Amino acid sequence: MSRANGTPYAPHTDEETAAMLAAIGVEDEEALFDIPDPVAFDGDFGIEPRTEREIRDECARIFARNDDLTEFLGRGHYGHYVPSVVDHLADRAEFLTSYTQYQPEVSQGFLQALFEYQSMLVELTGLDVANCSMYDAATALGEAATLADRVRSTSGDVVLVPEQLREGKRAVLENYCDGADMTVETYPMADGTADVDALADRAGDDVVMLYAESPTVRGCLEERLAAIGDLADETGALFALGSDVVALSVLESPASVGADVVVGEAGSLGLPTSYGMGLGIFACRDDFLRQVPGRLVGASEDANGDRAYTLTLQTREQHIRKERATSNICTNQAWVALRAAIHAATLGPDGLVDLANDCVRDAEALAARIEGLSGATAPVHDRHHFREFVVHVDQPAPAVAEDLEAEGFAVHAIDDHLLQVCVTDLNAERTDGLVAAFEEVL
Amino acid sequence: MSRANGTPYAPHTDEETAAMLAAIGVEDEEALFDIPDPVAFDGDFGIEPRTEREIRDECARIFARNDDLTEFLGRGHYGHYVPSVVDHLADRAEFLTSYTQYQPEVSQGFLQALFEYQSMLVELTGLDVANCSMYDAATALGEAATLADRVRSTSGDVVLVPEQLREGKRAVLENYCDGADMTVETYPMADGTADVDALADRAGDDVVMLYAESPTVRGCLEERLAAIGDLADETGALFALGSDVVALSVLESPASVGADVVVGEAGSLGLPTSYGMGLGIFACRDDFLRQVPGRLVGASEDANGDRAYTLTLQTREQHIRKERATSNICTNQAWVALRAAIHAATLGPDGLVDLANDCVRDAEALAARIEGLSGATAPVHDRHHFREFVVHVDQPAPAVAEDLEAEGFAVHAIDDHLLQVCVTDLNAERTDGLVAAFEEVL
Amino acid sequence: VREPLLSEKGQATVDVREGSPLPDDLTREELTLPNPSEPETARHYTRLSQMNWAIDAGPYPLGSCTMKYNPKFTEDVAADPNAAVHPDRSARSAQGNLELQYRLQEALADIGGMDAVTLQPPAGAAGELTGILVTKAYHEHHGNDRSEVVIPASAHGTNFATAATAGYEVVELPSGEDGRVDLEALEAAVGDDTAALMLTNPNTVGLFERDITEIAEIVHDAGGLLYYDGANLNALLGRGRPGDMGFDVMHYNVHKTFATPHGGGGPGAGPVGVVDELAPFLPTPRVREAETGSGYERFEPDRTIGRVHGFAGNWLVLIKAYAYVARLGDEGLADAAAKAVLNANYLAERIDLDVPFGPFHHEFAATAGDRDAADVAKRMLDFGVHPPTTKWPEMVPEAMLTEPTEIEGQSSLDDLAEAFNLAYADTDEALDAAPNRTAAARIDQVGAARDPRLSWQALDGE
Amino acid sequence: VREPLLSEKGQATVDVREGSPLPDDLTREELTLPNPSEPETARHYTRLSQMNWAIDAGPYPLGSCTMKYNPKFTEDVAADPNAAVHPDRSARSAQGNLELQYRLQEALADIGGMDAVTLQPPAGAAGELTGILVTKAYHEHHGNDRSEVVIPASAHGTNFATAATAGYEVVELPSGEDGRVDLEALEAAVGDDTAALMLTNPNTVGLFERDITEIAEIVHDAGGLLYYDGANLNALLGRGRPGDMGFDVMHYNVHKTFATPHGGGGPGAGPVGVVDELAPFLPTPRVREAETGSGYERFEPDRTIGRVHGFAGNWLVLIKAYAYVARLGDEGLADAAAKAVLNANYLAERIDLDVPFGPFHHEFAATAGDRDAADVAKRMLDFGVHPPTTKWPEMVPEAMLTEPTEIEGQSSLDDLAEAFNLAYADTDEALDAAPNRTAAARIDQVGAARDPRLSWQALDGE
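Protein sequences appear in the order of chains E, C, L and P. Each residue of the first sequence is one higher than the one before, starting from 45 at the first, in my numbering. Each residue of the second sequence is one higher than the one before, starting from 45 at the first, in my numbering. Each residue of the third sequence is one higher than the one before, starting from 292 at the first, in my numbering. Each residue of the fourth sequence is one higher than the one before, starting from 292 at the first, in my numbering.
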């Protein structure tokens, strides 16, 4: 009758445990373990069990030690308001507590949701195929490079990326390239975007993949993507374009500028700012279908002739193809993709376009206000901006950032005298405060 | 294609609206309204629509204007820690967004959950029948009085209640009695519980219902319930016993002391302190089955012979019996009953008994600590206590309560020199602070 | 697949007296209840939920029930721990709650065209009782000895039960030929004994009482008050206000009009609005702007009827209602009514059943004619929708009272109409055998009432 | 009842250039996407969810996947808005996050018997890659030119793919007769080229590698490192630690061992633990107690491999893992392993299928013999349970790799066994026709791959 398990999540009463042990024919649970003494462990980690209430209180106290700042931070991780319905629907246990859809007959719901997510990405990129998620933009970029390595016939091994690139993205890419004996090299930037002339000089047979992004890490929109696409095309390199799911709602379609692959971040929909947790986009042309990394959901039929969905082309994957798989990815970000899809559905195309347009307008407006302050120039780059822009400050940038933090605002210090500021719907109403704080500290 | 509805929750595109109007054969929506001009309204309430984010922010700001107090408050409304799983399960849309179960074939889930709730109350009260909820303890008491009026053959019209009774409960009871031409009278209390001897003197043919409660409003446990039950029995009055779902887990079974009806509060499980929102218990003996107010769920069979559940004995109810119904109640607290049932299931009988025992121990312990302070005596009543107890303070009680509030603690001032203090698992760990605050202000 | 009862999955019996801090004579011997683990609990209720229709599953066109979508964000607003305070807090330390109460009172007063509002009644029927008790107190205060409440035959059952609960005799008013109040019959029914006329407008077949001004005059001339049953207010939002029509007292059903979730039977909330003359009789306490200083305070109306709930009503529900009203604003409220009426009229156009009265607003009572309305409804379940309210109101034979609300779109209404038409045209055998695609087949309700088994204890030995 | 695609319920096309703040040549012309109302969205995803198995619906005994109950409170902990900060915050202003990261690093190090932990890898496979990159960096730093990674044939597919991704050649190690590593074969496989042996313990048929000390010696003697694949760590919690067995580097699967929800395919998290010698190679940044003053700071390990995720990994998942570990504590962790092993052994006892190897721990590979394991699995779906992993690992013919985890009770295991036995004993026809009580009947997976249609755009004209 009584239950005295160590874990509160096992249901066994003492009687049940005894009956089960008897059925197996052993004395106690210890007898089931086949661990030789020298490597056995006594279970003493020194971790005191706590009640769920104690843990909620403990973690609330811990997280309260994060300062209460208004964040004007971006550079690859963006917060937009996530409608409440996203949480309520994605948190449904049938989604949240399910596994990868190995038995499609009892997984139609999640499969269809992922199929719809893929379809939204197909619309946003103009490409033929989108997988149902990578970890984040950085790992998606790495996977693009290994795909390029497999499909390109150039004599080279160079992945060419912008000189200005999110440091984390570059570092992840290096790790993927390392295993495939590729090297990462950079091309110069001019005023926040690619120096296309310099890039033309650099492009050549040794380049396996050419990567550009728009918006760039500095929030600038590339204006000559088609030219970059042409360069890639001419030299036989794969053209990988990096972007973001919100920006893709309004920017010229990647397909139309010749992108072979689109990578980037879709976690700006569906996720709050979550310390960098993301959702990697991976879309490409049909030609590379059987080289795509990650999971793909396809439409099929069931035995009744009704449309049904299933994971497909699994022979690309590690659990079938092992060391010849297109990627080692197994668990991906399916639930985050679900969240992004629900968020996108909630916004609809009107809402998405409005949100994207505000990313342009709000950045422009805030830059103009900061430009009006003495000791600051903004935007540094003479480009169109999306969400964020660079500010030149006469004083040392790290000190200014620190002073702003003391005033309750977080911005990036990206160079000795350069700050970067990101504005979205979440902080747009706090720009007065930021401008006032700038005035205070400059 | 575009949707420009005033309400964000209507899906109509302009095209759809036009098509639907055409199908009906009218020009516009106005043409569907048959409201004569003199009483038509122009729609100007002056309520500005806001986005969901604005409203979340607005309400968060409003609620932040409640002071951050540790509440040692009870007197009929109690907070216990509600396990997270209660929220997650009760919030499932199939429960939360469903209606009363008029079509049982597609409502088996909620019906079974309510049947289980009724069964838990049957176990806790020892009575034969429990309905699936009333609004709160006060209205349940009112309904008990009208039931007594219908079933008792005494010549009288008096509902006899304790002199010390939650004021709101008394006031609600008066309103129910008023319509049935009953009057509410009181019997004296001795040291926080019924003065049974005085009660014996008062009892008589004119009493339709005799009400006692344990714990009493002052947190004292009645020690002579069986004697009170006998008195009611002897005089032909209905014996209604008031209690609380947590106390019922350990106190002598109402059936065993002769209770005909049990009313009280079950919202102390499943609900946080929520400004008094409750869940009324209503249980009674089989004799009164067809006089029970409110909804009852019964077991039956479906056409396949499988067990199935349905609302039953609906001929008692207003939608069938109209002015001869047993009550006017329609919408009840079904979802709160679901929450209480989940909470009870999560605790199990062990957890419930532990929780109840702590209600006794923690109150005793805190009273003893306050007794140790100069200028205060506790507990005032020489009784066993459940969760709460009365403190005598030498200074004026309202001033002490106000001073304690300034220190961050809320207690009841119930008389010139009497305070009342309630301790549960939610504030038990803050008793050091309360005692220190007492020391400070006394 | 049937889900076993929690008790069938395993119970435990605890010896209560062992280790009890109380003497044995105050305690029970033992307690026997289910003891599932948390995973078992989660599965049990998850599976149960999957056997339950809900507005998030599909249309729920129960006439007079106004089942519309419950915006998710309102749940988050109500879940704010700062709102979860004890009702006995001092006003000074609960200014946030008082402010929200005040704001909601004001908004509801505006929407109803009323002067004063109480939020205390915990459901619509409780609101009715409150309103009638206020009426009674008003008459008593003015020395009027009035013993009757007049109610149209087609009114909600709660009206009758409420009047009786308040100690009134009910005078039932037969419906006119056109489904509305017959003025002559009304004249005949009211008199010196009339305390009030309780009226729903639009009425329970969706018809607006065009003669409302005359109705009000007749009742007022007789010295009675006019009570507005707010169940159908969704049809009037922004289009007409009970106060402007001469109603003296009304209740609001927040789960109907303001989209708070019905929770399978509650909690609801039934705020009551009254004209100035009746305000002194409202339940205590009410909330107002502080008479001195800033902020808000509680106060006791001069001639209050006392209380209708132990505390402040169903607070968490009231918060959601506030959030909904704020989300819609003027345009949204008026549009909700417009789309609700559009949808009802479109659906009525699309179904093959006769709809005897009109022009109706947000709901209509189709008639199943020579079919049994309840059987047609059961068959509709097989087509993946929830049927309407059946066999009520009685003035329409084999009534199917249908209220799609504003949240359905054209295709959803077309699906609903198809289910109506298929079921209505189906064979007698099919209707008798329905439903057969649901979690349970047709349930024996007569047997359930004949041999009531109301707890798992009553099933012992099965 | 099929739920239409969102696109089938209605799409809208927006003219992007109209009113755009950008010049036309930077924008697309139009955007076409579904435009459901919120109620339609809610219904769509509610209905989809109802067509999906989940651990909250019933047993999910996929071998090597460790699907156990995800405590609900961990969701609340992770939903704390204070935790939802930007990764580029200064350490000074993100002390809360750093503290939790530090505490989790420490707990995981203890549990694995490791010296240093990184939380950055966003999934188990990413953890593997991190561990192998660390291994590679270590060898390179020491001037070792090693090109091979040795992996048992029965290992998870990710091991092979990971080694290849890191640029290693894979040397596949055949299983011994007893299902475990054959020491002689191992001796033969390792050598100067061996960078590492990747091993799961218990292995993928639940067998503990009893010779682990000898295995470690052989690999270390050859100059290789020993990598622990944490997929089966649930069986060892509190009973044995990879670090104590001679493993140098390991990853943890938090959704397997620490009950974070799998979310239908992720997000997971794959922290990596290493012994002191390898700590300098871990990804940057890591978190430590501040060297001066109080609090925590980020630091870059001396010879870091750089990064494996753009930011700090799957943060919200890591929070849940912390909460789970805190909830269980020492006794809970050890008991989770005990009950997981008890359950697997009990279930194996109850089924009619042969289980070729033993003694197993948390999972076992039954064989369907002359039946098709995949067909048996499909038939099991009809009995209301989820089947095990099928046809893997290959060393067991027609394998049904079964892992019930600790959360099932005796009756649940009995139900599972009954489904196993009924399906296994069923006719060929029944197996071929299965499943037929599920939302979809048997799905044509070959056809799906032959004619890939991967978006609603690809369905146009259907």
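Each residue gets a CB set at the ideal place from its N, CA and C atoms; glycine is no exception. In this text, all values refer to a predicted model and were calculated from it rather than measured experimentally.
Which residue's Cα is closest to the Cα of V441 (chain L): L:T453, L:H432 and L:N435? As a first step, residue 441 (chain L) is located in the third sequence; it is residue number 150 there, counting from the start. It is L:T453.
Among P:H447, P:A375, P:A407 and P:H377, nearest to L363 (chain E) - alpha-carbon criterion: Here residue 363 (chain E) refers to the residue found at position 319 when the first sequence is read from its first residue. A quick correction: the sequence has His, not Leu, at residue 363 (chain E). Nearest of P:H447, P:A375, P:A407 and P:H377 to H363 (chain E), Cα basis: P:H447.
Y587 (chain P) bridges to which residues according to DSSP? The residue labelled residue 587 (chain P) in the question sits at position 296 within the fourth sequence. Listed as beta-bridge partners of Y587 (chain P) by DSSP are P:E580.
Classify V467 (chain E): buried if its beta carbon has 16 or more other beta carbons within 10 angstroms, exposed otherwise. Along the first sequence, read from residue 1 onward, the residue named residue 467 (chain E) stands at position 423. Label assigned to V467 (chain E): buried.
Counting only beta-carbon separations shorter than 9 Å, does S702 (chain P) have a partner in chain C? Numbered from its first residue, the fourth sequence carries residue 702 (chain P) at position 411. No, S702 (chain P) does not count as interfacial toward chain C.
Kindly say whether G561 (chain P), judged by its beta-carbon, lies nearer than 9 Å to any beta-carbon of chain L. Residue numbering aside, residue 561 (chain P) sits at position 270 when the fourth sequence is read from its first letter. Not closer than 9 Å to any Cβ of chain L, the Cβ of G561 (chain P) fails to qualify, so no.
Is D666 (chain L) buried or exposed, if buried means 16 or more other CB atoms sit within 10 Å of its CB? Here residue 666 (chain L) corresponds to residue number 375 of the third sequence, with the count starting at 1. Taking a 10 Å sphere around the C-beta of D666 (chain L), we find 16 or more other C-beta atoms and assign the residue as buried.
Within 8 Å of chain E by C-beta, residues of the stretch 52-69 of chain C in sequence order: The residues in question: there are none.
With 9 Å as the C-beta to C-beta threshold (strictly closer), list the residues of the stretch 161-178 of chain C near chain L in chain order. Those would be Q162, S163, M164, L165, V166, E167, L168, G170, D172, V173, A174, N175, C176 and S177, in chain order.
Please tell me whether G458 (chain P) has its Cβ less than 9 Å away from any Cβ of chain C. For the purposes of this step, residue 458 (chain P) is identified with residue 167 of the fourth sequence, where counting begins at 1. No, no contact with chain C.
Cut-off 7 Å between Cβ atoms - residues of its own chain near S46 (chain C), not counting five sequence neighbours on either side: As a position in the second sequence, residue 46 (chain C) is number 2, starting the count at 1. Because S46 (chain C) sits at a pLDDT of 47, beneath the cut-off of 50, its placement in the model cannot be relied upon, and the point is left open.
Counting only beta-carbon atoms, is S46 (chain E) nearer than 9 Å to chain L? On the first sequence, residue 46 (chain E) is found 2 positions in, with the first residue counted as 1. Model confidence at S46 (chain E) stands at a pLDDT of 46, short of 50, so the residue's coordinates are unreliable and nothing is read from them.
Where do the N-terminal and C-terminal ends of the beta strand (DSSP E) with H553 (chain L) fall, by residue? Locating residue 553 (chain L) in the third sequence gives position 262, where the first residue counts as 1. Looking at the DSSP string, H553 (chain L) is not in any beta strand (DSSP E), and its letter there is neither H nor E.
Give me the subset of the stretch 217-232 of chain C whose CB atoms are less than 7 Å from a CB atom of chain P, sorted by chain position. Under the 7 Å Cβ criterion, the stretch 217-232 of chain C contributes no residue.
Whether Y319 (chain E) touches H377 (chain P) by CB criterion (9 Å): For the purposes of this step, residue 319 (chain E) is taken as the residue at position 275 of the first sequence. For the purposes of this step, residue 377 (chain P) is taken as the residue at position 86 of the fourth sequence. Their beta carbons are under 9 Å apart, which means Y319 (chain E) touches H377 (chain P) by this criterion.
Neighbouring residues, chain E, relative to P93 (chain C) (Cβ below 8 Å): Position 49 of the second sequence holds residue 93 (chain C). Within 8 Å Cβ-Cβ: nothing; P93 (chain C) doesn't reach chain E, min ~16 Å.
Please determine, among C:V437, C:Y146, C:D402 and C:E449, the residue with the shortest C-alpha to C-alpha distance to G416 (chain C). What you label residue 416 (chain C) is simply residue 372 of the second sequence in a count that begins at 1. Closest by alpha carbon: C:V437.
For a contact defined as C-beta to C-beta under 8 Å, what are the partners of D626 (chain L) on chain E? As a working note, residue 626 (chain L) is residue 335 in the third sequence. Within 8 Å of the CB of D626 (chain L), no CB atom of chain E is found; the nearest one sits about 17 Å away.
Please report whether the beta-carbon of Q736 (chain L) lies at a distance below 9 Å from any beta-carbon of chain P. For the purposes of this step, residue 736 (chain L) is taken as residue 445 along the third sequence, with counting starting at 1. No, because no Cβ of chain P sits closer than 9 Å to the Cβ of Q736 (chain L).
Local conformation of T288 (chain C) per DSSP, three classes: Working through the second sequence from its first residue, we reach residue 288 (chain C) at position 244. Reading the sequence as shown, one finds Asp at residue 288 (chain C) and not Thr. Note: D288 (chain C) maps to strand in three-state DSSP.
Beta-carbon gap between S163 (chain E) and G738 (chain P) smaller than 9 Å: For the purposes of this step, residue 163 (chain E) is taken as residue 119 along the first sequence, with counting starting at 1. For the purposes of this step, residue 738 (chain P) is taken as residue 447 along the fourth sequence, with counting starting at 1. Contact flag unset, no.
Name the chain L residues whose beta carbon is nearer than 7 Å to that of S128 (chain E)? As a working note, residue 128 (chain E) is residue 84 in the first sequence. Scanning chain L for C-beta atoms nearer than 7 Å to the C-beta of S128 (chain E) yields K363, F364 and D367, reported in chain order.
State the CB to CB distance for the pair S445 (chain L) and P684 (chain L), rounded to an integer number of angstroms; the pair is presumed to be in contact (CB under 8 Å). Residue numbering aside, residue 445 (chain L) sits at position 154 when the third sequence is read from its first letter. Residue numbering aside, residue 684 (chain L) sits at position 393 when the third sequence is read from its first letter. Right, the Cβ-Cβ distance comes to about 4 Å (below 8 Å), so this counts as a contact.
Contact set between the stretch 305-339 of chain P and chain C, restricted to residues whose Cβ is under 8 Å from the partner: Correct list: N326, P327, S328, E329, P330, E331, A333 and T337.
Per DSSP, what kind of secondary structure is V566 (chain P) in: helix, strand or coil? Stepping through the fourth sequence from its first residue, residue 566 (chain P) is reached at position 275. Here V566 (chain P) sits in coil by DSSP.
For chain E, check one thing: does any of its Cβ atoms lie closer than 9 Å to the Cβ of Y125 (chain C)? Counted from its first residue, the second sequence places residue 125 (chain C) at position 81. With 9 Å as the cut-off, Y125 (chain C) counts as an interface residue toward chain E.
Between which residues of its own chain and V150 (chain E) is the CB-CB distance below 7 Å, once the five residues before and five after are set aside? In the first sequence, residue 150 (chain E) corresponds to position 106, counting from 1. Closer than 7 Å at the Cβ level, and outside the excluded window around V150 (chain E), lies no residue.
Beta-carbon of I610 (chain P) versus every beta-carbon of chain L: anything under 9 Å? Translated into positions along the fourth sequence, residue 610 (chain P) becomes position 319. Residue-level contact check: I610 (chain P) does not touch chain L, since none of the beta carbons of chain L fall below 9 Å from its beta carbon.
A137 (chain C) touches chain P at which residues, Cβ-Cβ below 8 Å? For the purposes of this step, residue 137 (chain C) is identified with residue 93 of the second sequence, where counting begins at 1. Taking the beta carbon of A137 (chain C) as reference, the chain P residues within 8 Å of it are A333 and T337, listed in sequence order.
Could you work out which residue in P:G521, P:L474, P:F711 and P:A629 is closest to V563 (chain P) when comparing CA atoms only? One-based indexing of the fourth sequence puts residue 563 (chain P) at position 272. For V563 (chain P), the nearest C-alpha among the options comes from P:G521.
Which residues mark the beginning and the end of the beta strand (DSSP E) in which C356 (chain P) is found? Position 65 of the fourth sequence, counted from the first residue, corresponds to residue 356 (chain P). No beta strand (DSSP E) contains C356 (chain P), which DSSP labels as neither H nor E.
Please report whether the beta-carbon of G555 (chain P) lies at a distance below 9 Å from any beta-carbon of chain C. Taking the fourth sequence and counting its residues from 1, one reaches residue 555 (chain P) at position 264. No, G555 (chain P) does not count as interfacial toward chain C.
Where DSSP assigns a beta bridge to Y351 (chain E), which residues make up the other side? Looking up residue 351 (chain E) in the first sequence gives position 307. Position check: residue 351 (chain E) holds Arg in this sequence, whereas Tyr was assumed. Beta-bridge pairing links R351 (chain E) to E:E345.
If the cut is a Cβ gap below 9 Å, which residues of chain P does Y255 (chain E) touch? Within the first sequence, numbered from 1, the residue matching residue 255 (chain E) stands at position 211. Below the 9 Å Cβ cutoff, chain P contributes no neighbours of Y255 (chain E), its closest Cβ being approximately 14 Å away.
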